[in-house]
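Undergrad: For the sequence shown, the residue numbers in the working numbering are 1 to 693.
From the three backbone atoms N, C-alpha and C, an ideal C-beta is built for every residue, glycine too.
Below is a structure I'd like to ask you about.
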Amino acid sequence: MNKVQQRKSLNNKISSLESKKTLRQSKSSKIDNFKNLLNAIIDSIAGIHWWKDINGIYQGCNSAMVEALGLSSRNDIIGKTDYELPWASQANILIKHDKEVMSTGITQKGKEEIIETKQGDVRTFIVAKAALRDNNNNIIGTVGNSIDVTELKQTQKALKLAKEAAEAASQAKTEFLENMRHDIRTPVSGIVGCAQIIQSQANNPDKVSEYAGDLVRSSEALLDFLNKVLEGLKVATGEMPLLKKKFDLRKNVQDIIDLNKSLAAKKNLQLSVDYDEKIPSYLIGDPVRLQRIVLELMTNALNFTQQGRVHIAVKLKKQEAQQVVVEVSVTDTGVGIPKDKQEAIFARFTRLTPSCQGIYKGLGLGLSIVKQFVDDLGGEIYVKSQLKHGTTFTCLVPFQEPLLMDSSGVEDIPFEFTTKTYQKISDKGFTHGIEANAALSTDQRKVLLVEDDQLAAKIAESILSSLNCVIDIAVDANTALQRLQKQDYHLILMDIGLPDMDGISLTHRIRLQQWQCRDTTPIIGLTAHIDVENRQRCLDAGMNAVILKPLRKETALELLTTFVPDVCINQASSTDMRSISGPVFDVDAMKVLLKNEGLIKDCINLMIESLARDLVKLPDLHQSSDWKSIREMAHKLRSGSAYCGAKRLGQACQQIVDYLRENDSGERADVLYEQLTEEMIAAKAVYKDYVGL
């Protein structure tokens with residue numbers, strides 16, 4: 001090849017190389033442009049984005065990631081693993097998540113990852129990760145995006161703290177109200193009681209009696225004021241539980257009518273009722289709230305009506321698929337309500353006439369309570385009124401219709417918890433009311449007063465003493481239990497708030513120790529405040545009734561007449577032995593007390609062992625006329641029989657204990673001993689059969 005040809009060939013090669021170089025430069029420029037475009041696209045997407053190869057080495061990320069983690073550029077991340085970055089301490093968990101994604105090919109969403117920035121700040125991210133694949137669908141790494149939720153987490157934490165603080169403040173408010181209720185009512189109760197004593201014992205000076213009467217009336221007015229204010233606050237804070245019980249609506253309405261008859265007659269008002277016969281006999285709902293709604297509307301109508309009538313109408317508005325809507329309307333011919341005031345009357349503490357005018361009594365709480373109760377029941381209330389012509393309040397209240405249209409599960413709901421009304425309970429668990437058909441006996445009644453407040457105790461003692469009672473005072477639960485071990489009482493008056501053990505717990509303890517079918521000592525709860533839930537707790541624990549403080553003479557007389565009609569009812573006679581009745585073993589009564597089959601069997605097994613030991617000892621004690629030991633044995637056995645449903649054995653123990661308390665021996669003691677032995681043997685046999693021995 002000559003030089004010309006060689007030069008030509010060389011030029012061609014150079015030209016070819018230059019062309020390839022130009023092509024490469026063009027491709028490189030396009031790649032750079034594509035990378036820049038890709039980065040621009042990724043940077044424009046909200047959130048943090050990155051991708052790694054199969055070894056966990058970062059291949060790319062967006063500027064949001066660089067900024068969020070306090071770095072300078074992408075180069076601070078690309079080409080490195082998590083172990084080489086500021087969040088190395090969290091690298092293991094991050095790489096674990098990467099491997100899970102690459103091994104399963106399943107995208108992970110919603111995981112929280114904690115990352116430490118270059119500046120040492122700890123950030124929280126919600127992360128989504130997916131497998132990164134090539135053109136052949138092979139997994140070559142991971143790709144992910146995340147959202148910085150650090151501020152959100154901080155806000156949530158702050159909200160939680162604020163919520164806890166608000167709840168603590170609410171609890172503090174509730175406790176403050178409870179303390180105020182006690183701290184105000186207790187001295188006022190003392191004032192009322194002292195004034196009554198002054199009034200009853202003022203022999204000569206008429207003025208003393210007159211002023212004492214004024215003091216009583218003023219104090220009662222103050223108590224009534226406090227009751228209504230505190231009840232209004234309690235309703236406003238939603239502290240009254242919503243009930244769902246089966247009840248007789250017709251009876252509840254009639255009870256309210258009966259309660260208001262005397263006031264209507266006193267004002268010469270016609271009081272009438274129209275009850276729709278299509279309303280089901282029984283409904284399921286909150287009878288307490290409904291009763292209070294109707295009672296408040298009825299009381300308001302009578303209060304603001306000087307002549308004419310008050311009419312209540314109860315109609316069936318809707319009935320379908322066990323759902324019942326009842327319309328209750330109360331109409332009066334009273335003073336009426338101005339149209340521009342008809343919305344305001346439902347606000348708390350709102351009165352249309354200032355109290356200083358003295359025209360109508362009230363605190364402006366009644367209708368606010370009605371509105372709250374109607375809302376609680378999911379109902380509606382309307383008012384239609386014309387000034388000087390009268391008013392009609394109409395309530396629409398939904399209820400459920402029970403499957404069984406009978407009285408099963410229906411309980412009476414008392415209106416008010418005042419010193420003049422209380423609920424007598426009959427045949428409920430181990431609590432038994434005593435019918436009050438007998439007049440007060442001239443014999444003295446033994447009363448145990450459990451009260452830690454010295455003034456309240458002094459007042460109650462004075463009142464009860466004037467009613468021919470012998471009073472023992474216990475200032476705490478332990479003292480009360482000690483007295484009950486040594487002495488039987490005809491009546492126990494129990495303060496609910498005691499320092500060492502509350503009155504409800506103490507009552508339950510006494511019932512477990514003393515329970516006998518007809519010999520249970522009546523227990524009356526005394527409290528400065530009561531609601532439906534706590535009242536039910538008192539009755540469930542074994543109280544026969546719950547009354548509001550202060551104890552008044554007429555109430556004490558009513559209690560004695562009702563619950564202690566015969567002073568000898570719990571005393572064994574030395575000339576006449578009462579017959580024993582009831583089953584040897586009342587398993588239902590035992591279940592009321594213990595409510596657990598395993599515990600029942602454990603108690604019965606212990607009772608079997610105790611009876612076996614005592615039956616071995618008894619003959620020797622009887623042979624040696626050791627009646628003191630026999631009495632002590634029967635006294636202890638009486639408590640065990642209470643736990644274990646042994647009614648007949650409990651009565652036999654009670655009779656011999658009562659007799660030996662006043663007598664050392666005698667023919668009657670031998671008869672009672674034989675009776676006790678027979679009942680012990682019978683109880684042991686029945687117990688063994690029950691547990692399968």
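Is Gly694 buried or exposed, if buried means 16 or more other CB atoms sit within 10 Å of its CB?
TA: Missing from the structure shown is residue 694; the chain here goes from 1 to 693 and no further.
Undergrad: Beta strand (DSSP E) containing Gln270: first to last residue?
TA: Reading the sequence shown from its first residue, position 270 is the one you call residue 270. From DSSP, the beta strand (DSSP E) with Gln270 extends over Gln270 to Tyr275.
Undergrad: Just reading off the beta strand (DSSP E) that Met501 is part of, what are its end residues?
TA: As a working mapping, residue 501 is identified with position 501 in the sequence shown. First-last for Met501: undefined, no H or E at that position.
Undergrad: According to the Cβ coordinates, are Lys109 and Ala128 closer than 8 Å?
TA: Looking up residue 109 in the sequence shown gives position 109. Looking up residue 128 in the sequence shown gives position 128. For Lys109 and Ala128, yes; Cβs fall inside 8 Å.
Undergrad: Have a look at Pro619 and Leu559 and give me their C-alpha separation to the nearest angstrom.
TA: As a working mapping, residue 619 is identified with position 619 in the sequence shown. As a working mapping, residue 559 is identified with position 559 in the sequence shown. Pro619 and Leu559: Cα-Cα distance of roughly 44 Å.
Undergrad: If you count every other CB in all the chains shown that lies within 10 Å of the CB of Gln6, and 16 or more means buried, which is it?
TA: Start at 1 with the first residue of the sequence shown, and residue 6 comes out as number 6. The residue is exposed, with fewer than 16 neighbouring Cβ atoms inside 10 Å.
Undergrad: Using 8 Å as the threshold, is the C-beta distance between Val324 and Pro280 below it?
TA: Position 324 of the sequence shown, counted from the first residue, corresponds to residue 324. Position 280 of the sequence shown, counted from the first residue, corresponds to residue 280. Yes; because the gap between Cβ atoms is below 8 Å, this pair is in contact.
Undergrad: What did DSSP end up calling Gln6 once you bin it into helix, strand or coil?
TA: On the sequence shown, residue 6 is found 6 positions in, with the first residue counted as 1. Three-state result, Gln6: helix.
Undergrad: Is Gln654 buried or exposed, if buried means 16 or more other CB atoms sit within 10 Å of its CB?
TA: Here residue 654 refers to the residue found at position 654 when the sequence shown is read from its first residue. With 16 or more other Cβ atoms within 10 Å, it is buried.
Undergrad: How many angstroms separate the CA atom of Val397 from the CA atom of Asp588?
TA: As a position in the sequence shown, residue 397 is number 397, starting the count at 1. As a position in the sequence shown, residue 588 is number 588, starting the count at 1. Their backbone Cα atoms lie some 38 Å apart in a straight line.
Undergrad: Can you tell me the Cα-Cα spacing of Lys420 and Lys266, whole angstroms?
TA: For this step, residue 420 is matched to residue 420 along the sequence shown. For this step, residue 266 is matched to residue 266 along the sequence shown. Here the model assigns Lys420 a pLDDT of 32, short of 50, so the residue's position is not dependable and the matter cannot be decided.
Undergrad: Checking 8 Å against the spacing of the C-beta atoms, do Thr299 and Gly390 come in under that value?
TA: In the sequence shown, residue 299 corresponds to position 299, counting from 1. In the sequence shown, residue 390 corresponds to position 390, counting from 1. Against a cut-off of 8 Å, the Cβ pair of Gly390 and Thr299 comes out as no contact.
Undergrad: Following the continuous beta strand (DSSP E) through Tyr58, name the residue where it begins and the one where it ends.
TA: Here the question's residue 58 lines up with position 58 in the sequence shown. Tyr58 to Cys61 is the extent of the beta strand (DSSP E) around Tyr58.
Undergrad: Spatial neighbours of Cys568 within its chain, please: C-beta separation below 6 Å, excluding the five flanking residues on both sides.
TA: Locating residue 568 in the sequence shown gives position 568, counting from the first residue. Reliability of the predicted coordinates at Cys568 is poor, the pLDDT of 37 falling under 50, and the value obtained from them is presented with this limitation in mind. Closer than 6 Å at Cβ, skipping near neighbours: no residue.
Undergrad: Which residues bound the beta strand (DSSP E) around Arg123?
TA: Position 123 of the sequence shown, counted from the start, is the residue given in the question as residue 123. Per DSSP, Arg123 belongs to the beta strand (DSSP E) from Val122 to Arg133.
Undergrad: Quick check on this structure: which residue in Arg133, Glu113, Gly120 and Asn135 has the alpha carbon closest to the alpha carbon of Ile126?
TA: Taking the first residue of the sequence shown as 1, we reach residue 126 at position 126. The shortest Cα separation from Ile126 among Arg133, Glu113, Gly120 and Asn135 belongs to Glu113.
Undergrad: Can you look up Val671 in the DSSP assignment and give me helix, strand or coil?
TA: Taking the first residue of the sequence shown as position 1, residue 671 is located at position 671. Val671 falls in the helix class under three-state DSSP.
Undergrad: Tell me which residues share the same chain as Leu498 and place their Cβ nearer than 8 Å to its Cβ, disregarding the 5 neighbours each side in the sequence.
TA: Stepping through the sequence shown from its first residue, residue 498 is reached at position 498. Only Val450, Asp452, Asp476, Ala477 and Leu506 meet the Cβ criterion.
Undergrad: Taking C-beta to C-beta, are Thr521 and Tyr489 nearer than 8 Å?
TA: Counting from one through the sequence shown, the residue named residue 521 turns up at place 521. Counting from one through the sequence shown, the residue named residue 489 turns up at place 489. Closer than 8 Å, so yes.
Undergrad: Assign Arg661 to buried or exposed, taking buried as 16 or more other Cβ atoms, counted over all protein chains shown, within 10 Å of its Cβ.
TA: On the sequence shown, residue 661 is found 661 positions in, with the first residue counted as 1. Answer is exposed; the Cβ neighbour count stays below 16.
Undergrad: Would you say the region 311-331 touches the region 285-301, given that touching needs at least three Cβ pairs under 8 Å?
TA: Yes, they touch.
Undergrad: Can the beta-carbon of Trp50 be found closer than 8 Å to that of Gly144?
TA: Translated into the one-based positions of the sequence shown, residue 50 becomes position 50. Translated into the one-based positions of the sequence shown, residue 144 becomes position 144. Contact flag set, yes.
Undergrad: Going by the CB atoms, is the gap between Gln119 and Gly56 shorter than 8 Å?
TA: As a working note, residue 56 is residue 56 in the sequence shown. As a working note, residue 119 is residue 119 in the sequence shown. No, Cβ-Cβ distance for Gly56 and Gln119 is not below 8 Å.
Undergrad: Of the choices Gln400, Lys20 and Asn138, whose alpha-carbon is the least far from that of Phe247?
TA: Sequence index remark: in the sequence shown, residue 247 carries index 247 (1-based). Checked all of Gln400, Lys20 and Asn138; the closest Cα to Phe247 is Gln400.
Undergrad: In the DSSP assignment, the beta strand (DSSP E) including Pro398 goes from what residue to what residue?
TA: Here residue 398 is taken as the residue at index 398 of the sequence shown, counted from 1. Segment Gly390 to Gln400, the beta strand (DSSP E) holding Pro398.
Undergrad: Whole angstroms is fine: what's the gap from Glu84's alpha carbon to Ser9's?
TA: Taking the first residue of the sequence shown as 1, we reach residue 84 at position 84. Taking the first residue of the sequence shown as 1, we reach residue 9 at position 9. So the alpha carbons of these two residues sit roughly 53 Å apart.
Undergrad: Closest to Arg638 by C-alpha separation, out of Glu679, Asn75 and Ser624, would be which residue?
TA: Against the sequence shown, residue 638 aligns to sequence position 638. Among Glu679, Asn75 and Ser624, the Cα nearest to that of Arg638 belongs to Glu679.
Undergrad: Rounded to the nearest angstrom, what separates Lys700 and Ile78 at their Cα positions?
TA: There is no way to answer for residue 700, as the model of the chain reaches only from 1 to 693.
Undergrad: For the candidate residues Asn75, Ser465, Ile656 and Glu461, whose alpha-carbon lies nearest to that of Ile473?
TA: As a working mapping, residue 473 is identified with position 473 in the sequence shown. For the residues Asn75, Ser465, Ile656 and Glu461, the minimum Cα distance to Ile473 belongs to Glu461.
Undergrad: Taking a contact to mean a Cβ-Cβ separation below 8 Å, would you say Leu649 touches Ala685 in this structure?
TA: Locating residue 649 in the sequence shown gives position 649, where the first residue counts as 1. Locating residue 685 in the sequence shown gives position 685, where the first residue counts as 1. The answer is no: Cβ separation not under 8 Å.
Undergrad: Leaving out five residues before and five after Lys111 in sequence, what residues of the same chain have Cβ atoms less than 7 Å from its Cβ?
TA: Translated into the one-based positions of the sequence shown, residue 111 becomes position 111. Hits under 7 Å: His97 and Val127.
Undergrad: Assign Leu526 to one of three DSSP states: helix, strand, or coil.
TA: The residue labelled residue 526 in the question sits at position 526 within the sequence shown. Three-state DSSP puts Leu526 in a strand.
Undergrad: Under the assumption that Met494 contacts Gly525 (Cβ atoms under 8 Å), give the Cβ distance between them as a whole number of angstroms.
TA: To locate residue 494, count along the sequence shown from 1; it is residue 494. To locate residue 525, count along the sequence shown from 1; it is residue 525. The pair is a contact, with the Cβ atoms about 5 Å apart (cut-off 8 Å).
Undergrad: Can you tell me the Cα-Cα spacing of Cys469 and Ile463, whole angstroms?
TA: Residue numbering aside, residue 469 sits at position 469 when the sequence shown is read from its first letter. Residue numbering aside, residue 463 sits at position 463 when the sequence shown is read from its first letter. Looking at the two C-alpha atoms, the distance is approximately 9 Å.
Undergrad: May I have the straight-line CA-CA distance separating Asn137 from Gly105, to the nearest angstrom?
TA: Here residue 137 refers to the residue found at position 137 when the sequence shown is read from its first residue. Here residue 105 refers to the residue found at position 105 when the sequence shown is read from its first residue. In a straight line, the C-alpha of Asn137 is about 11 Å away from that of Gly105.
Undergrad: Which residues mark the beginning and the end of the beta strand (DSSP E) in which Val326 is found?
TA: As a working mapping, residue 326 is identified with position 326 in the sequence shown. From DSSP, the beta strand (DSSP E) with Val326 extends over Gln323 to Asp332.
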